[in-house]
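Protein chains in written order, with my numbering: chain Y, 19 to 295; chain A, 19 to 295; chain B, 19 to 295; chain Z, 19 to 295.
Let me begin by presenting the structure, written as structure tokens, before commenting on it.
4 protein chains.
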Amino acid sequence: MEHRILLTECPDSKGLIAQITNICYKHQLNIIRNTEYVDPGTGQFYMRTELEGIFNDNTLLLDLDRALPPGSRRSLLSRSAKKVVILVTKEAHCLGDILMKVYDGSLTLDIAAIVGNHPELAELAQRFGIPYHYVSHQGLGRSEHEQALLKVIAPYQPEYLILAKFMRILTPDFVAQYPNRIINIHHSFLPAFIGAKPYQQAFERGVKIIGATAHFVNDQLDEGPIIQQKVAAVDHNYSAEDMEKAGRDVEKAALSEALQFITEDRVFVHGNKTVIL
Amino acid sequence: MEHRILLTECPDSKGLIAQITNICYKHQLNIIRNTEYVDPGTGQFYMRTELEGIFNDNTLLLDLDRALPPGSRRSLLSRSAKKVVILVTKEAHCLGDILMKVYDGSLTLDIAAIVGNHPELAELAQRFGIPYHYVSHQGLGRSEHEQALLKVIAPYQPEYLILAKFMRILTPDFVAQYPNRIINIHHSFLPAFIGAKPYQQAFERGVKIIGATAHFVNDQLDEGPIIQQKVAAVDHNYSAEDMEKAGRDVEKAALSEALQFITEDRVFVHGNKTVIL
Amino acid sequence: MEHRILLTECPDSKGLIAQITNICYKHQLNIIRNTEYVDPGTGQFYMRTELEGIFNDNTLLLDLDRALPPGSRRSLLSRSAKKVVILVTKEAHCLGDILMKVYDGSLTLDIAAIVGNHPELAELAQRFGIPYHYVSHQGLGRSEHEQALLKVIAPYQPEYLILAKFMRILTPDFVAQYPNRIINIHHSFLPAFIGAKPYQQAFERGVKIIGATAHFVNDQLDEGPIIQQKVAAVDHNYSAEDMEKAGRDVEKAALSEALQFITEDRVFVHGNKTVIL
Amino acid sequence: MEHRILLTECPDSKGLIAQITNICYKHQLNIIRNTEYVDPGTGQFYMRTELEGIFNDNTLLLDLDRALPPGSRRSLLSRSAKKVVILVTKEAHCLGDILMKVYDGSLTLDIAAIVGNHPELAELAQRFGIPYHYVSHQGLGRSEHEQALLKVIAPYQPEYLILAKFMRILTPDFVAQYPNRIINIHHSFLPAFIGAKPYQQAFERGVKIIGATAHFVNDQLDEGPIIQQKVAAVDHNYSAEDMEKAGRDVEKAALSEALQFITEDRVFVHGNKTVIL
């Protein structure tokens, strides 16, 4: 008995759920959990089906392809840990949170490597026995630096890149290598405080709540599809530094919940938004 | 085109989702939203299907009855407002919140009547043009009082009774008249502080969070299936009275979210628990 | 024995708390609660002192004025209900929430009148026995309309104006009549989604949390000092209309918590921010 | 210039704040922040004063002792990291969270040693360079085991013991060694689900919110003064195991917020409650 996830995405039409679940039934697969969504604007259908049974992948996918309309996408995923590379700069809290959650079994990820544009976090990586690559941006043009990063990252063939407080803006060329596969944690409640120094901006505006946003990276700065957001209350006693410190827990929570969704194959990208099934 | 909700509950077996959604498809019904749950302990299957189309109720239900295993329950509900009777004592906040949400369109309920064992809230009912029945318990035995309540309530034929801070304990005889159809708001985070004066108990224990619990009433005091719970942070500055005041918003939120689930036909009772689909 | 609030604001210097509390002690006043804040940026000192005793207002204030540095502000407030005028357009939920909280004793306000630029909410005002003035903006220039509003409002001599979903932008001339005395509820988590249709903007951006902001109105649209913010989680299932509906509870909570702070004399305005003591 | 915390606790009387702040003023100390609380039930006064200046400890404390009524307690604390010993069993998440927060600077603690009644977490302690003492309870009576623990702990002279998922019940004899200095994380929203297997209990009761409670340990099981509580929403999809997993983040948050209060000298114990200033 195996446990698998079937993801289906196609234009909506009557009878889709019946067709797909019928095929599962013919294959003697038990549906553990089934969630779907139809976007009323675009008429796009999304379904995530947790299946249990004995899988004949080829004939199952063939049956699905015959039944589904043209332009459909479907994938049948096993529940093995996804391979990721984590990019960092100097701040330890997001990286440390991921490392510890993987360590204690709360998060199922295969962290192939950690790549930093500063050397500070090498020691933390080493404590957890994960290769650390220090790829300084000093003296390099943006494009040169990204080429250096890609050269280090590519051999690991990661499914996802996680930007765990990686404080460099990535160019469209870099992003195109990992479309909808780069997850960033932005230290504000987007779209508030786009850009640099969001805690300073939040302090100056006198907000009573701060937030953090985990999102896929696309070509527009801080404009990619949002996966998860979290917030915390602050008050007049908080300096910009206090907000930044309080924001750490918010950032960790938003990023690790987003990663949890990713590890469970629950995230569909839908234009500039996500559907979390 | 009509919009309906199909609720199905039966022992789980392979192919159930396929069977039910096939029948919907044959009836040319479009599935707007479908959520299901299988309880791993009992193997019971629960499904809620939002359908759109032209309904032939008789043949649809007949087709379902043929397909479903013995012991199944299914119902096909229209989205008309549910008729309720609200029971109160003296406190206005939960009643007022429901009245105002129905007034502004946030909550869809047909409030047939309000029944109180004190006269205080008659005037509020009158402001909203709803009949108020004052049924005092003074000088009556518990059973006599309940008979008097039932006599007033029964002619309205309500689908649900809402206990909006009704401060009387109902006997099993009364409850048996409306099985899983009486919704109570209890002013604590159950199962903490069962029984009387929960805010006083919370104050004495020095908790840092208070809560409220909306639940179906059954024969055991404060032991019925929980529909929704909400909490709020408190601190040492809160007296028992302050907690009670802060608790009002929590009570209103828990009760009105529970009622929202009820109005959307999302609540299954499952032993001593609820499944909210 | 009376219960009063002393508010003090002045440039910080050593010994301020000692000086002020000494004066209270000499007047045989008991300090029930004392909270203070010094802004590290501006060096401004803020203190709120809850006092109990027999008050000789004139000599107490005289003693304080002698002790405090030039440029100080102090006020000794009784705990009587503040007189307010509420401005509305068509949406009932914020107005209804305030009316019901005042009715059930959760909020202590003296609502002198309700003024609407549409007639819809007259009937709700009437249910609660509060004068409603319908001041249409139809056919009037912005300035003419504001003059008409002021003419209706001014005789009530309100301490605060509450914009409970009043959907008109006020000019600096109007705002100047009630500086830091107009409280607005904005239906977004400011500074995200400034301006019109914030729920539509939030929907299009695909946010996972929506918010509302209660703030003082100043000359800059949606830029006034924030008093309180509240949020709620949403997901891909929410249309812009669903977000708007879910946002109602958030708006009510942010506005009524802000009003609670106001009724307790806890809000200082400090440049473009608030200090809530 | 030093930064110190003055804690004062005594029976309330008029003029206390004035007296204490006067003494600070005479010592040319600047008050950065002052918070106080008077318990209306017991009439006990609590004050926490953050001071900045040049301290002459002896004369300052002498002046305070002269001014304060008999039975007063006062302490003048420097802001050095508190020395703690952490007790664990097998679960890594709370220990890991503390280690990582101390590592990244979010929490200021001097972790002198980690003591476990199982060997599993030795390796994690070693990664962070902290001595781990494995003190098995196998084959020992409860009292013998506690003696063995004390023998290992005592030489470190810790200010606090942190029970980071230490799954042994401590006897009054042990607790008496560290009165109000042992902090436990209980995996439920106390007083709900006292005792063993709270997540199983929560699952069986069908709650919609789970919680965790950080509290001081006293002689009564799970009855000590509560320092902090946190909660998270769950639903019917959660098995007892899922609740336990979801509870990890709640436990970490409650414990680390409680520890943050401790490191800032903000916690007074007041009978069976805490006052957090």
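Built from N, CA and C at the ideal position, the CB exists for glycine as well.
Only a predicted model underlies this, so the values are computations on that prediction, with no experimental measurement involved.
A contact between stretches requires three or more CB pairs, one per stretch, nearer than 8 Å, and the segment 83–101 of chain A meets this requirement with the segment 176–195 of chain A. Here the alpha carbons of Ile244(A) and Leu181(A) stand approximately 14 Å from one another. Bounds of any beta strand (DSSP E) do not take in Ala110(Y), whose DSSP letter is neither H nor E.
When DSSP reads this structure, Asp81(A) sits in no beta bridge, so it has no partner. Residues of chain Y whose Cβ lies closer than 7 Å to the Cβ of Gly114(Z) are, in chain order, Met118, Tyr121 and Asp122.
Assigned with DSSP and collapsed to three states, Gln247(B) falls in strand. Three or more Cβ pairs drawn from the segment 224–235 of chain Y and the segment 197–215 of chain Y lie within less than 8 Å of each other, which places the two stretches in contact. Thr53(B) is not a Cβ neighbour of Ile38(B), given a cutoff of 8 Å. Going by C-alpha positions, Ile49(Y) is about 6 Å away from Glu70(Y). When the beta-carbon positions are compared, Leu79(A) and Leu113(A) stay at least 8 Å from each other. Of all alpha-carbon atoms in Val120(B), Ile72(B) and Tyr152(B), the one lying nearest the alpha-carbon of Ser274(B) is that of Val120(B). Linking His254(A) to Ala251(Y) through their CA atoms gives a straight-line distance of about 19 Å. For the set Gly159(Z), Ile171(Z) and Ala210(Z), the Cα lying nearest the Cα of Pro149(Z) is the one of Ile171(Z). At a Cβ-Cβ threshold of 8 Å, Lys32(B) and Gln195(Z) do not count as neighbours.
Asp191(Y): member of the alpha helix (DSSP H) spanning Pro190 to Gln195, first to last residue.
Within its own chain, the residues whose Cβ lies closer than 7 Å to the Cβ of Pro29(A), once the five positions on either side in sequence are excluded, are Gly61, Gln62, Phe63, Pro87 and Gly89, listed in chain order. With fewer than 16 other Cβ atoms inside 10 Å of its own Cβ, Thr189(A) counts as exposed. Taking 8 Å as the upper bound for CB-CB distance, Ala272(B) and Ala210(Y) are not in contact here, some 15 Å apart.
Rounded to whole angstroms, the gap between the alpha carbons of Glu222(Y) and Leu142(A) is 45 Å.
If you draw a 10 Å sphere on the C-beta of Glu262(A), you find 16 or more other C-beta atoms in it, and that means buried. In the assembly as shown, Met19(Z) is an exposed residue. Its beta-carbon has fewer than 16 other beta-carbons within 10 Å.
Check the Cα spacing between Arg199(Y) and each of Ile72(Y), Lys108(Y) and Leu277(Y): the tightest is with Leu277(Y). Non-local beta-carbon contacts of Ile116(Y) in its own chain, meaning distances under 8 Å to residues more than five positions away in sequence, involve Ile104, Leu125, Leu127, Ile129, Ile180, Ala182, Leu273, Ser274 and Leu277 in chain order. Within chain A, Ala36, Thr39, Asn40, Cys42 and Tyr43 have C-beta atoms less than 8 Å from the C-beta of Ala36(Y), given in sequence order. Take the alpha-carbon of Lys291(A) and the one of Thr77(A): they are about 32 Å apart. Not one beta carbon of chain B lies nearer than 8 Å to the beta carbon of Arg97(A). His233(Y): member of the beta strand (DSSP E) spanning Ile227 to Phe234, first to last residue. Under the criterion of beta carbons closer than 8 Å, Met118(Y) and Met118(Z) qualify as touching, at roughly 5 Å. Boundaries of the alpha helix (DSSP H) harbouring Leu167(B): Arg160 to Ile171, taken from the DSSP string. About 6 Å separates the beta carbon of Gly134(Z) from that of Tyr152(Z), a gap short enough to meet the 8 Å contact definition. The beta carbons of Ile280(A) and Ile201(A) sit closer together than 8 Å. Assignment of beta strand (DSSP E) within the segment 31–77 of chain B, counting only whole runs of 3 or more residues, yields 48–56 and 62–71 in chain order.
Taken residue by residue, none of the segment 66–77 of chain Z has a beta-carbon sitting less than 9 Å from a beta-carbon on chain Y.
DSSP links Ile187(Y) through a beta bridge to no other residue.
Ranked by how close their Cα comes to the Cα of Glu241(Y), the residues Ile212(Y), Val268(Y) and Gln156(Y) have Ile212(Y) in first place.
Rounded to whole angstroms, Asp81(B) and Asn40(B) show a C-alpha spacing of 10 Å.
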